[in-house]
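Notes follow the structure.
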Amino acid sequence: MFARANEIASHVLQRKTSMVEIMSHAALWFVHSDFAFQFPHPLMPNMIIIGGMDNKKAEPLPQELEEFVEGSGEHGFVVFTLGSMVSQLPEAKAREFFEAFRQIPQRVLWRYTGPVPENAPKNVKLMKWLPQNDLLGHPKVKAFITHGGSHGIYEGIYNGVPMVMLPLFGDQGDNVQRLVSRGVAETLSIYDLTAEKLLVALRKVISDKSYKEKMTELSAIHRDRPIEPLDLAVFWTEFVMRHKGAAHLRPAAHELNWIQYHSLDVIGFLLLLLVTVIFVTVKSCMFCFRKCFKKTQKKKKE
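Taking full-length UniProt numbering, the leading residue of the sequence shown gets 1, the next gets one more, and so forth.
Here you go:
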């Protein structure tokens, strides 16, 4: 997994090393996570949560985009992007999206790089790049169709926008289930997606007010913090510098070998002790049984 990274690290540091070794000696771990999104779990003292560090207030849209979204009226608009990793959708799959969007009253802003069909719906605006955060922060946005990447998720949470999610790879499937469990998103499979399925999911997150209410609450939790993630990262970086690596935060587990880390030496000792106790107990029972049996046989002979 880290083969190429290991080569680069060894070349830069001019010594044989690996990413695992480098990471094990890290003074701090900045974790792009937040408990408004993640399930509760324990953390070590040198792990600093900075989820949503890139979030910021929405800025005014360019005039062309502002006119498009304002023209949506009371129905609002939908933002759709599958991220930069997906350069182009198969034509058949793109048709399913176009067919679904044709049937909704909302306007759609779609980050789209494929060939534009002649019969594209008039309520859909195709763009090679979207000011995603500014659109999600617009008061007329109704839903966000996304692949479930962490960056887009945090922008959606920050701006309180319900989502329809189409996980593609990596951690996206796990990310999606976290939001679905909180009642702020619906998930679909891109591989068997149809216009009908997309319509049902979109109408659900837009018309069912519970999605918006729960997402607004989640957004409030995410924003309610004593210090912004970027400032927190700066503080802890300077803290480590001031205290010469802050070794007191470093878990001792990093210094243990594989056997010690998994307590195999302790488990081995306890197993040996258990086997010894069982062996002695069995031998003692057998000895007592033989003694009693001999006495019984002797009495019978007499």
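The beta-carbon is built from N, C-alpha and C at its ideal position, and this holds for glycine as well.
Identify the residues that DSSP records as bridge partners of Ile267: which are they? Within the sequence shown, numbered from 1, the residue matching residue 267 stands at position 267. Its beta-bridge partners do not exist; DSSP assigns none.
Anyone know if the C-beta pair for Asn133 and Asn55 falls short of 9 angstroms? Residue 133 sits at position 133 when you count from the first residue of the sequence shown. Residue 55 sits at position 55 when you count from the first residue of the sequence shown. Going by C-beta atoms, Asn133 is nearer than 9 angstroms to Asn55.
In or out: Ser207 buried (at least 16 other Cβ within 10 Å) or exposed? Along the sequence shown, read from residue 1 onward, the residue named residue 207 stands at position 207. Exposed, by the Cβ-count rule.
If you drop the 5 nearest sequence neighbours on each side, which residues of the same chain put their C-beta closer than 8 angstroms to that of Gly268? On the sequence shown, residue 268 is found 268 positions in, with the first residue counted as 1. Excluding its 5 nearest sequence neighbours in each direction, Gly268 has no C-beta neighbour in its own chain below 8 angstroms.
Going by DSSP in three states, Arg111 sits in which element: helix, strand or coil? Within the sequence shown, the letter at position 111 stands for residue 111. If DSSP states are grouped into helix, strand and coil, Arg111 belongs with the strands.
Where do the ends of the alpha helix (DSSP H) carrying Phe98 lie? Taking the first residue of the sequence shown as 1, we reach residue 98 at position 98. Phe98 -> alpha helix (DSSP H) spans 91-102.
At a cut of 8 angstroms, does the region 183-193 reach the region 116-134 through at least three beta carbon pairs? Short answer: they don't touch.
For Leu259, which residues of its own chain have a beta-carbon under 6 angstroms away from its beta-carbon, when the five flanking residues on both sides are left out? Against the sequence shown, residue 259 aligns to sequence position 259. A small correction: the amino acid at residue 259 is Ile; Leu does not occupy that position in the sequence shown. Contacts found: Asp265.
Between Met47 and Val69, how many whole angstroms is the CB-CB distance? I'm expecting something under 8 angstroms. The sequence position of residue 47 within the sequence shown is 47, counting from 1. The sequence position of residue 69 within the sequence shown is 69, counting from 1. Not a contact, Cβ separation roughly 40 angstroms.
If we count the other Cβ atoms within 10 Å of its Cβ and call it buried at 16 or more, is Glu67 buried or exposed? On the sequence shown, position 67 is the one that residue 67 refers to. Glu67 should be labelled exposed.
Find the nearest neighbour of Arg95 within the set Phe289, Pro115, Leu232, judged by alpha-carbon distance. Position 95 of the sequence shown, counted from the start, is the residue given in the question as residue 95. Out of Phe289, Pro115, Leu232, Pro115 has the C-alpha closest to the C-alpha of Arg95.
Could you check if Trp110 is buried or exposed, using at least 16 other CB atoms within 10 Å of its CB as the buried criterion? Here residue 110 is taken as the residue at index 110 of the sequence shown, counted from 1. Trp110 is buried by the Cβ-count criterion.
Go ahead and label Val108 buried or exposed: buried means 16 or more other beta carbons lie within 10 angstroms of its beta carbon, across all protein chains shown. Position 108 of the sequence shown, counting from 1, holds the residue named residue 108. Buried: at least 16 other Cβ atoms inside 10 Å.
Residues bridged to Phe144 by DSSP? One-based indexing of the sequence shown puts residue 144 at position 144. DSSP output for Phe144 lists Val79, Met163 as bridge partner(s).
Sequence-distant residues of the same chain with beta carbon closer than 8 angstroms to Arg250, five excluded per side: The sequence position of residue 250 within the sequence shown is 250, counting from 1. Closer than 8 angstroms at the Cβ level, and outside the excluded window around Arg250, lie Ala27, Asn46.
Among Asp192, Pro121, Leu135, Gln38, which has the Cα closest to the Cα of Phe77? As a first step, residue 77 must be located in the sequence shown, where it is residue number 77. Measuring from the Cα of Phe77, the nearest candidate turns out to be Leu135.
In the DSSP assignment, what are the bridge partners of Phe30? For the purposes of this step, residue 30 is identified with residue 30 of the sequence shown, where counting begins at 1. Looking at the DSSP assignment, Phe30 forms a beta bridge with Ile48.
Can you confirm whether Gln14, when its beta carbon is compared against all beta carbons of chain E, has any partner nearer than 9 angstroms? In summary, chain E is missing from the structure at hand, where a single protein chain is found.
Close-in-space but distant-in-sequence residues of the same chain around Gly173 (CB under 8 angstroms, 5 per side omitted): For the purposes of this step, residue 173 is identified with residue 173 of the sequence shown, where counting begins at 1. Around Gly173: Gly148, Pro167.
Which residue wins for smallest C-alpha separation from Phe101, given the options Leu89, Ala120, Ala252? Residue mapping note: residue 101 aligns to position 101 of the sequence shown, counting from 1. Answer by Cα proximity: Ala120.
In whole angstroms, what separates the C-alpha of His138 from that of Glu74? Position 138 of the sequence shown holds residue 138. Position 74 of the sequence shown holds residue 74. Cα-Cα distance, rounded: 13 angstroms.
Could you give the distance in angstroms between the alpha-carbon of Trp236 and the alpha-carbon of Leu230? In the sequence shown, residue 236 corresponds to position 236, counting from 1. In the sequence shown, residue 230 corresponds to position 230, counting from 1. Distance between the alpha carbons of Trp236 and Leu230 is about 10 angstroms.
Within the continuous alpha helix (DSSP H) that includes Glu74, where are the two ends? In the sequence shown, residue 74 corresponds to position 74, counting from 1. Careful: Glu74 lies outside any alpha helix (DSSP H) and carries neither H nor E.
Ala9: first and last residue of the uninterrupted beta strand (DSSP E) it sits in: As a working mapping, residue 9 is identified with position 9 in the sequence shown. No beta strand (DSSP E) holds Ala9; the alpha helix (DSSP H) holding it covers 3-13.
For Leu218, I'd like the list of residues in its chain whose CB is within less than 7 angstroms of its CB, leaving aside the five on either flank, ordered along the chain. As a first step, residue 218 is located in the sequence shown; it is residue number 218 there, counting from the start. Excluding residues within five positions, the ones whose Cβ falls inside 7 angstroms are Ala36, Ile157, Arg182, Val184.
I need the DSSP call for Thr187, collapsed to helix, strand or coil. Numbered from its first residue, the sequence shown carries residue 187 at position 187. Looking at Thr187 - three-state DSSP - the assignment turns out to be strand.
Rounding to the nearest angstrom, what Cα-Cα distance links Asn159 and Tyr261 in this structure? Working through the sequence shown from its first residue, we reach residue 159 at position 159. Working through the sequence shown from its first residue, we reach residue 261 at position 261. The alpha-carbon atoms of Asn159 and Tyr261 are separated by roughly 42 angstroms.
Measuring only the C-alpha atoms, how far is Val234 from Gly71? Taking the first residue of the sequence shown as 1, we reach residue 234 at position 234. Taking the first residue of the sequence shown as 1, we reach residue 71 at position 71. For Val234 and Gly71, the distance between alpha carbons rounds to 42 angstroms.
Between which two residues does the beta strand (DSSP E) harbouring Met127 extend? Here residue 127 corresponds to residue number 127 of the sequence shown, with the count starting at 1. Element bounds for Met127: 124-127.
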